[in-house]
Amino acid sequence: MASAITTLAADAPTLSAANTGFMLICSALVMLMTPGLAFFYGGMVRVKSSLNMLMMSFISLGIVTILWVLYGFSLAFGTDSGSLIGWNSDYVGLSGIGITELWDGYTIPVYVFAVFQLMFAVITPALISGALADRVKFGAWVLFTALWVTVVYFPVAHWVWGAGGWLFELGVIDFAGGTAVHINAGAAALGVILVIGKRVGFKKDPMRPHSLPLVMLGAGLLWFGWFGFNAGSWLGNDDGVGAVMFVNTQVATAAAMLAWLAYEKLRHGSFTTLGAASGAVAGLVAITPAGGAVSPLGAIAVGAIAGLLCAMAVGLKYKFGYDDSLDVIGVHLVGGVVGSLLVGLFATGGVQSDVAGLFYGGGLEQLGKQAIGVFAVLAYSLVASALLAFLLDKTIGMRVSEDDEVAGIDQVEHAETAYDFSGAGGGAASRSTASPAPSVSKKVDA
Amino acid sequence: MKLITAIVKPHKLDEIKEALQAFGVQGLTVTEASGYGRQRGHTEVYRGAEYQVDLVPKIRIEVLVDDSDAEELIRVIVSAAATGKIGDGKVWSVPVDSVVRVRTGERGADAL
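From first to last, the protein sequence lines stand for chains A and B.
According to our numbering, the residues represented by the first sequence are 309 to 754, in order.
According to our numbering, the residues represented by the second sequence are 18 to 129, in order.
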């Protein structure tokens, strides 16, 4: 059946209603990951900067969506130029695309592919924000996001997934974004924090998460949305590869959560909630590049190895003294690298492609290709992101003032606070807020 | 008259209230408080980073009583508040010079 469909598609691509419907649902699932990420990050910061953390993710839905439609899709998936970047004027503003237009060999409209890929472009810069908690001007972050997707994300997406992209042509396997999304975002996070520096009070003041229930809510939404991210990345399910990916996503995430929890029980004495959430995300990250190439047993290995290594990696920031506030490097960069490299070991050759890894009769060839993909994206993103941050820091300034940072970035940048505690404790307090207080006034434009 | 102040674990509030009601106490004041004793709070671990939490949540209960009831009342509170574990809190009493019921102007024992 599968081969018949392929043959037919090769002759003249036909729109598949099933695949189109499936991909629209997957796109919506991936969209949900960004607010999920906002909660995951938002719960991990202190009360005084929780809204800023939510907004740094949420704003990506605004900025990147518009840029993607204007020129991002064209840069990432337009006609290749020198294996480095794409361009197609029909894609500018998504203006020259027919509503039922298909690419050769694909059964979903170009529009559907564009919107699915849009959601990837949205979440990737949002991932970076976790490393910058509490201290970056919101305006500077908005500008950074716009510049970063233009200079880093769109080209890298083209390298990895675009027809003619150099990593794609090389044969690097990145099923759903281990290099283009997670290594890319993790390396960018490292580049930016090397420029902007630590939070005031890093390693001295307590910076406990203010709401672990929010973190768990966010991790749950991420896990749920990730099925769209991963299973949707085969762009249809005529041959079952997407279903294998779905299974592997679940299996690797479970294994990573258990591995992280086991590690911290041994090292620190408790099974923590944050550990469970972090382990799950580490597993999701690691299986993202690998899940189309490995078997479910391989997915257990990928998840468990990633869970363990990421749990070990998150402590490094205290050792080396860089302030990766919410462990974007420890979870996304390390998890992405682990997952991408393990493709070279655990690829069975019987799922997404016939390339086998070292443990399944293949040699070291695929591992070498994976390593090139990993380090090319890592190096480019690290350097370009650091340069962008440096540029912004020298012009408009990246950080809020020290006083504002200590007082809380929510008030300064958003003129809001996340929670109203004045009603807590009953009558006396709520009565005092109900009475007209001279120190609180509402600004009214005349 | 005496002012009895008890700093206790928050989850013991209901038991202490019931014990005080059974004893015949008409009113009390409860405040949310935080602090530490000799045990110095506890340790929390977030992704391997350890935080020493010094100020732990407590409840502060205040009751005004007649001198003759004070000792017995302290015993009642202590027996209701005790778990035998570290951090159970403290109860103390101090003499009170005068008490006035705001609504009626009654003073002294009549105002209790």
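For each residue, glycine too, the CB sits at the ideal point set by N, CA and C.
query: Do residue 601(A) and residue 561(A) count as a contact pair if the criterion is CB distance below 8 Å?; result: no
query: Taking the straight line between their C-alpha atoms, what separation do you get for residue 401(A) and residue 454(A)?; result: 16 Å
query: With a CB to CB cut of under 7 Å and the five nearest residues on each side skipped, what residues in its chain are close to residue 610(A)?; result: 560, 594, 595, 598, 602, 647, 650 and 654
query: Count the other CB atoms within 10 Å of the CB of residue 275(A); is the residue buried (16 or more) or exposed (fewer)?; result: Coverage of chain A is limited to positions 309 through 754, which leaves residue 275(A) absent and any answer about it impossible.
query: Among residues of its own chain, excluding the 5 on either side of residue 555(A), which ones have a beta-carbon nearer than 8 Å to its beta-carbon?; result: 604 and 607
query: Using a C-beta to C-beta distance shorter than 7 Å, which residues of chain B count as neighbours of residue 576(A)?; result: 62 and 65
query: Give every residue of the same chain whose Cβ lies closer than 6 Å to the Cβ of residue 313(A), excluding the five residues on either side of it in the sequence, and list them in chain order.; result: For residue 313(A), the pLDDT reaches just 41, beneath the cut-off of 50, and the residue's location in the model is therefore unreliable, although a value from the coordinates is still provided. Counting only Cβ-Cβ distances below 6 Å, and skipping sequence neighbours, we find 546.
query: Residue 487(A) and residue 685(A): beta carbons closer than 8 Å?; result: yes
query: Give me, in chain order, the residues of the same chain whose beta-carbon lies closer than 8 Å to that of residue 381(A); leave out the 5 immediate sequence neighbours on both sides.; result: 399, 402, 422, 425 and 426
query: With a 10 Å radius around its C-beta and 16 neighbouring C-beta atoms as the bar for buried, classify residue 733(A) as buried or exposed.; result: In this prediction, residue 733(A) scores a pLDDT of 48, lower than 50, which makes its location untrustworthy; no coordinate-derived value is stated.
query: Would you list, in chain order, the members of the segment 504–530 of chain A that have their beta-carbon closer than 8 Å to a beta-carbon of chain B?; result: 514, 516 and 517
query: Taking Cβ-Cβ distances shorter than 9 Å, what residues in chain A pair up with residue 68(B)?; result: 514, 515 and 516
query: Secondary structure at residue 113(B), three-state DSSP: helix, strand or coil?; result: coil
query: In the structure shown, what three-state DSSP assignment does residue 394(A) receive?; result: strand
query: Below 8 Å on the Cβ atoms is my guess for residue 17(B) versus residue 53(B); work out the distance and round it to an integer in Å.; result: In the structure displayed, chain B extends from 18 to 129; residue 17(B) sits before or after that span and is not available.
query: Using beta-carbon positions only, say whether residue 445(A) and residue 705(A) come within less than 8 Å of one another.; result: yes
query: May I ask you to report which of helix, strand or coil DSSP gives residue 471(A)?; result: coil
query: Touching or not, the segment 402–411 of chain A and the segment 433–452 of chain A, by the rule of three or more beta carbon pairs under 8 Å?; result: no
query: Between residue 485(A) and chain B, is the shortest Cβ-Cβ distance under 8 Å, so that the two count as touching?; result: no
query: If residue 553(A) sits next to residue 538(A), beta carbons under 8 Å apart, how far is it from one beta carbon to the other, in whole angstroms?; result: 5 Å
query: Express the C-alpha separation of residue 89(B) and residue 620(A) in angstroms, rounding to a whole number.; result: 56 Å
query: Take the Cβ of residue 330(A) as the centre, count every other Cβ of all protein chains shown within 10 Å, and call the residue buried at 16 or more, exposed below.; result: buried
query: Work out the CA separation of residue 87(B) and residue 13(B) for me, nearest whole Å.; result: The structure shown has nothing for residue 13(B), since chain B only spans 18 to 129.
query: Taking only beta carbons into account, state which residues of the segment 624–636 of chain A come closer than 8 Å to chain B, listed in chain order.; result: 626 and 635
query: Do residue 412(A) and residue 472(A) come within 8 Å of each other at the CB atom, strictly closer than that value?; result: no
query: Could you check where the alpha helix (DSSP H) with residue 74(B) kicks off and where it finishes?; result: Premise fails: residue 74(B) lies in the beta strand (DSSP E), 73–82, not in any alpha helix (DSSP H).
query: Let me confirm a value: residue 696(A) is counted as buried when at least 16 other C-beta atoms fall within 10 Å, else exposed. Which label applies?; result: buried
query: Pull up the distance between the alpha-carbon of residue 475(A) and that of residue 692(A), whole angstroms please.; result: 18 Å
query: Would you mind working out which of 582(A), 419(A) and 513(A) sits nearest residue 347(A), comparing C-alpha positions?; result: 582(A)
query: Identify, in the order they occur along the chain, each residue of the same chain with its Cβ nearer than 6 Å to the Cβ of residue 571(A), setting aside the five sequence neighbours on each side.; result: 616 and 619
query: Beta-carbon within less than 7 Å of residue 106(B)'s beta-carbon, same chain only, minus the 5 sequence neighbours each way: which residues are those?; result: 23, 24, 25, 26, 75 and 98
query: According to the Cβ coordinates, are residue 644(A) and residue 490(A) closer than 8 Å?; result: yes
query: Helix, strand or coil for residue 417(A) per DSSP?; result: strand
query: By how many angstroms is the C-alpha of residue 431(A) removed from the C-alpha of residue 637(A)?; result: 16 Å
query: How big is the Cα-Cα spacing for residue 91(B) and residue 81(B)?; result: 12 Å
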